[in-house]
Amino acid sequence: MSGYIARRLFICVPVLIGVTLFIFILIDCLPGDVVAAMMAPEAPTSQAALKAMRERLGLDRPWPVRYGEWLLRLTQGNLGYSYFELKPVNQLLKIYLGPTLELMGLSLAASFILGLLLGTLAAVRPYSFLDNILTVFGFAGRSLPDFFLALVLIYIFALRFKVLPVSGMQTPGIWSFSDHVQHLILPMMTLTLLRVVVFMRYTRASLLEELHCDYIRTARAKGLPERTIIWKHALRNGLIPIITILGVNIPILFTGAVVTETIFQWPGLGMLYVVSVRHRDYPVVMALSLLTAVAVLLSNLIVDIGYALIDPRVRYE
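Here's what the structure looks like:
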């Protein structure tokens, strides 16, 4: 196992270089730059002043030189300096990572637990009234886009009944735990409802397949309790596709949900991504892209290790 992990980590290095190089070239091909984004259209600015500012920021050099400098700083643990926020990128990530981990972690945990429970109930009673209701709920949840669901929840709970705040992490001038929880409910509810249907449908399909296997019939013939058969034997063997879906969602913990965070003005990495792209703040965009790539690669590795821990038939030599 240790040799397999070492090989996977070694392969990650050229993958990360390729991803960051592609993103850097893509940013360089975009029209405009951070200097043009910072200047107001009506502000009278001479071309000489714009050129001097680009030279001061190093934007006049060719992209291979700038990418090499960024890569060299990266090896020293320096992600650069934000042109728009006027702060080191490392400091920005520390500020915005906490709210993203809080929102995404809670919503992912809630959706995983609820999806596992609802999917198990639907599989144990297939084609029953409960299963049909959950199936309709699943199709409806997969059909709704996240921005539409967020707007519906805002209309119901914030505008219609006025029981929850619309946006932000706290009410200006007020900081309390209850106020923070109230601001967290709507974005968390949006993300949870969108993901719980995925875990529920995969759990149901996987568990239905396991419940018709020979070892389940053997366990029932031995007189084992139905609860033990489902939770200890069938569900454990059916967890592999659910772990795959969980691994796909792990990078969201560190990158945020762009649309949801923007709608609810949740100060996380997703909203930072939107602001950085809008202002052509390429050091921040590069750092967030690197963080996303690292999260994806590590989540894939964690999923592979999880396969071996859950299913003893899976071995990595």
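Add 1156 to a position in the sequence shown, counting from 1, and you land on the number used in the working numbering.
Glycine included, every Cβ here is placed at the ideal spot set by N, Cα and C.
Everything numeric in this text was worked out from a predicted model, so none of it was measured.
Proximal residues to residue i (C-beta, below 8 angstroms), its chain only, five neighbours per side dropped
i: M1442; result: T1176, I1179, F1180, I1183, W1226, L1235, G1236
i: K1207; result: D1216
i: G1214; result: R1222, E1225
i: L1305; result: T1346, L1349, L1350
C-alpha gap between residue i and residue j, whole angstroms
i: I1330; j: R1217; result: 47 angstroms
i: Q1249; j: L1363; result: This sequence places Leu at residue 1249; Gln is not what is there. Approximately 40 angstroms between the Cα atoms of the pair.
i: V1308; j: R1164; result: 43 angstroms
i: V1404; j: R1210; result: 39 angstroms
i: G1294; j: Y1252; result: 32 angstroms
i: V1353; j: G1271; result: 6 angstroms
i: V1440; j: Q1247; result: 11 angstroms
i: I1147; j: L1320; result: In the structure as shown, the chain starts at 1157 and stops at 1473, and residue 1147 therefore has no counterpart that could be examined.
i: P1187; j: R1436; result: 9 angstroms
i: I1396; j: F1268; result: 14 angstroms
i: A1449; j: G1174; result: 10 angstroms
i: R1316; j: F1303; result: 18 angstroms
i: I1458; j: Q1203; result: 51 angstroms
i: F1333; j: H1339; result: 10 angstroms
i: E1365; j: Y1358; result: 11 angstroms
i: R1298; j: M1427; result: 24 angstroms
i: T1400; j: G1261; result: 17 angstroms
i: L1290; j: L1300; result: 15 angstroms
i: L1425; j: L1402; result: 20 angstroms
i: F1420; j: V1245; result: 23 angstroms
i: L1446; j: G1462; result: 24 angstroms
Span of the alpha helix (DSSP H) around residue i
i: K1388; result: No alpha helix (DSSP H) holds K1388; DSSP gives it neither H nor E.
i: A1413; result: From DSSP, A1413 is part of no alpha helix (DSSP H); its letter is neither H nor E.
i: G1174; result: 1158-1185
i: G1261; result: 1245-1280
i: D1302; result: 1302-1309
i: F1355; result: 1333-1367
i: L1290; result: 1285-1299
i: I1458; result: 1438-1466
i: R1373; result: 1370-1377
i: M1209; result: 1203-1213
i: M1427; result: 1425-1434
i: I1401; result: 1395-1405
i: T1231; result: 1219-1231
Where residue i falls, given that 16 or more other Cβ within 10 Å makes a residue buried
i: H1368; result: exposed
i: G1324; result: exposed
i: R1392; result: exposed
i: Y1311; result: exposed
i: S1158; result: exposed
i: R1351; result: buried
i: P1328; result: exposed
i: A1205; result: exposed
i: P1170; result: exposed
i: W1387; result: exposed
i: E1382; result: exposed
i: P1407; result: buried
i: V1292; result: exposed
i: P1255; result: buried
i: G1233; result: exposed
i: F1355; result: buried
i: F1166; result: exposed
i: A1413; result: buried
i: L1228; result: exposed
i: S1284; result: exposed
6 angstroms CB neighbourhood of residue i in its chain, flanking five on each side removed
i: A1266; result: T1348
i: S1263; result: M1344, L1347, T1348
i: R1360; result: G1275, A1278, A1279
i: A1296; result: none
i: D1335; result: Q1326, T1327
Test: residue i CB closer than 9 angstroms to a CB of chain B
i: I1386; result: Of the chains in the structure shown, none is chain B; there is only one protein chain.
Contact set for residue i: own chain, Cβ-Cβ below 7 angstroms, skip 5 residues either direction
i: A1375; result: I1385, H1389
i: F1313; result: V1319, L1320, L1342
i: P1423; result: Y1252, P1255, M1325
| message | Quick check: the stretch 1426-1437 against the stretch 1238-1247, are at least 3 beta-carbon pairs closer than 8 angstroms? | response | By the C-beta criterion, the stretch 1238-1247 is judged to be in contact with the stretch 1426-1437, since at least 3 inter-stretch pairs fall below 8 angstroms.
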